[in-house]
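Colleague: Heads up, the sequence shown is in my numbering, so the first residue is 9 and it goes up one at a time.
Virtual Cβ for every residue (Gly too), placed ideally from N, Cα, C.
These numbers were taken from a predicted model, which means no experiment stands behind them.
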Amino acid sequence: MPYVRPTRCSLHTRILITAALHAVVPGAPAAAQAAASRGARPPTVADATAFMARAESLLNDLAVKAARADWVANTYITFDSEELTAQAQEAYGVATRDLATQARRYERLRLPPDLKRKFLLLKLSLPAPPPPDAREAAELTRLTSSMQADYGKGTYCRTPQECLQISDIERIMASSRDPAELAAVWQGWHRISVAMRDRYARFVTLANAGARGLGFADVGVMWRAGYDMPGDAFVREIDRLWDQLKPLYLQLHAYVRARLVEKYGPSVVPPNGMIPAHLLGNLWAQDWENIYDILAPSGVPPSVDVTGLLVAHRMDERGMVRYGERFYTSLGFDSLPATFWERSMITKPRDRDVVCHASAWDVDGKDDLRVKMCMRVTGEDFVVIHHELGHNFYQRAYKSQPYLFQSGANDGFHEAIGDAIALSVTPAYLQRIGLLDSLPSAASDTAMLLRIALDKIAFLPFALALDGWRWGVFAGDITPD
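And the structure:
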């Protein structure tokens, strides 16, 4: 199921959730439970097992409702859809928080490994846990849903008559070679975050309160606990792996900078400094492949032009998804359900605001699989759909598992599967599916490997810097000032 973010809940919903929690654990309110426990027998493994079974049943029902509301909020951004997802997702968030709090009663028991893991996953299942105070919990969900909506409908207006949405801006970032235009578009779109600044600071405060209520120092500490190792060990492992890759990244960075200096001149690109982010072909500077035309090494045969192949075969966006599906069925997986094609958002609707960021959805924990994309007929989106469908097929593979096991093996596993599949979109694969007549010479491997490096190697320091910044914000080391 999609990662459910906690959002706002009406008083009526909170009353229903409180009643539901009474059914899960007798005496659910903390004071009543504590009073009852003083004269009650100590909990047993059987009690813990029964508690978890009822908790998973409740959370599964709430998660499906939240996922459906969140889908509408992502694909039809309005005030009402924002309110509906806020209500449904806070219901889920409050229930999860309260269940995780009640689960502490069983912490000292010697539980079977699978049950012990469920209790851990219950505590880690909210990326931004609601604080204990009901009004603050409602505020957190309101902030989350409003920032999500503002991101999806954010625009940059070059003139009062020409306002660009994110999909328009991404096309400009990928194709324009005018540094002034790129700087204006980059800065213009990123200004949508200014209006979110105070809300995000408040979000951090409230989410940290929720994390502390679950026994974590802050949200960053909670996030780092989701990788099957102590949080400090996780950070050390990241640093160790980055130290191995850093020399290659520095070589790539130096090469890209040198070619950009040749293209734009030293007045635009400092020959010995950092690369201006707006020149790297991506709205977040996390993927540099779109400027390959500037970076292509001389004397090296070009890599396969996947976009050109798709256009030559008169491919449309749904056809690209069909190719992705056939990749997985060729491995022995069943075809996607008919509802996937009926309910997915594959291209951007013309009549409304949506969140275009590509994502894969498992709405009901069974077979209601969907993708949400604003696809275009490009080589980049051809690779992305193979990645996103990796999530969908993985989601369906664990649909028979108990609710808390219906997610990745750890917090990094889902993306690893998607990226591993995306790396399989090679010239040999393109030939096998009939898009490419003959394989290019081995000499063109250099160009292909450079393209992969511009995507995968360039992304790593971006991800490290982003998460390091967020950890610092949650820890209070980085302040709004």
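Can you check whether the CB of R334 is closer than 8 angstroms to the CB of S352?
Modeller: No.
Colleague: Hey, would you say K271 sits closer than 8 angstroms to I246, going by beta carbons?
Modeller: No, the Cβ-Cβ distance between K271 and I246 is not below 8 angstroms.
Colleague: Going by CA-CA distance only, name the one from V202, G223 and L214 that's closest to R150.
Modeller: Of V202, G223 and L214, the residue nearest in Cα terms is L214.
Colleague: For L148, name the three-state secondary structure that DSSP assigns.
Modeller: Three-state result, L148: helix.
Colleague: Suppose the cutoff is 6 angstroms on Cβ atoms and the five residues either side in sequence are ignored; what does the same chain contact list for A451 look like?
Modeller: Around A451: P309.
Colleague: What residue range is occupied by the uninterrupted alpha helix (DSSP H) comprising E98?
Modeller: F87 to Q110 is the extent of the alpha helix (DSSP H) around E98.
Colleague: Taking R118 as the reference, give the member of P50, A241, W292 and D69 with the closest Cα.
Modeller: When only C-alpha atoms are compared, the closest one is P50.
Colleague: Note down the Cα distance separating L447 from Q252, rounded to an integer number of angstroms.
Modeller: Their backbone Cα atoms lie some 32 angstroms apart in a straight line.
Colleague: Are the CB atoms of G373 and K407 nearer to each other than 8 angstroms?
Modeller: Contact: yes.
Colleague: Taking the beta strand (DSSP E) that D370 belongs to, which residues open and close that run?
Modeller: Element bounds for D370: S367 to D370.
Colleague: Is the Cβ-Cβ distance between G218 and P121 less than 8 angstroms?
Modeller: In this structure, P121 does not lie closer than 8 angstroms to G218 by Cβ.
Colleague: Per DSSP, what kind of secondary structure is V481 in: helix, strand or coil?
Modeller: If DSSP states are grouped into helix, strand and coil, V481 belongs with the helices.
Colleague: L444 by DSSP, collapsed to three states: which one?
Modeller: In this structure, L444 counts as coil in the three-state DSSP scheme.
Colleague: With three or more beta-carbon pairs closer than 8 angstroms as the criterion, would you say the region 359-367 touches the region 342-350?
Modeller: The region 359-367 is not in contact with the region 342-350.
Colleague: Roughly how many angstroms separate the alpha carbons of A466 and V264, rounded to a whole number?
Modeller: Distance between the alpha carbons of A466 and V264 is about 10 angstroms.
Colleague: Kindly confirm or deny that the region 410-418 and the region 64-76 touch, where touching means at least three C-beta pairs closer than 8 angstroms.
Modeller: Touching, yes, given that three or more Cβ pairs across the two stretches are closer than 8 angstroms.
Colleague: Short check: CB of A191 to CB of I85, under 8 angstroms?
Modeller: Not closer than 8 angstroms, so no.
Colleague: Considering only the beta carbon of each residue, do G8 and Y235 sit closer than 8 angstroms?
Modeller: Missing from the structure shown is residue 8; the chain here goes from 9 to 489 and no further.
Colleague: Are any of the Cβ atoms in chain D nearer than 8 angstroms to that of T347?
Modeller: Although the question refers to chain D, the structure presented lacks it and comprises just one protein chain.
Colleague: Compute the minimum distance between the beta carbon of G316 and the heavy atoms of the ligand PLP, and state whether it is under 7 angstroms.
Modeller: By its list of ligands, the structure shown contains no ligand whatsoever, and the ligand PLP lies outside what it can speak to.
Colleague: CA-CA distance, A40 and D475?
Modeller: In this predicted model, A40 has a pLDDT of only 41, less than 50, meaning its place in the structure is not dependable enough to derive any value.
Colleague: Secondary structure at T167, three-state DSSP: helix, strand or coil?
Modeller: Here T167 sits in strand by DSSP.
Colleague: At which residues does the beta strand (DSSP E) containing L377 begin and terminate?
Modeller: Start and end: L377 to K380.
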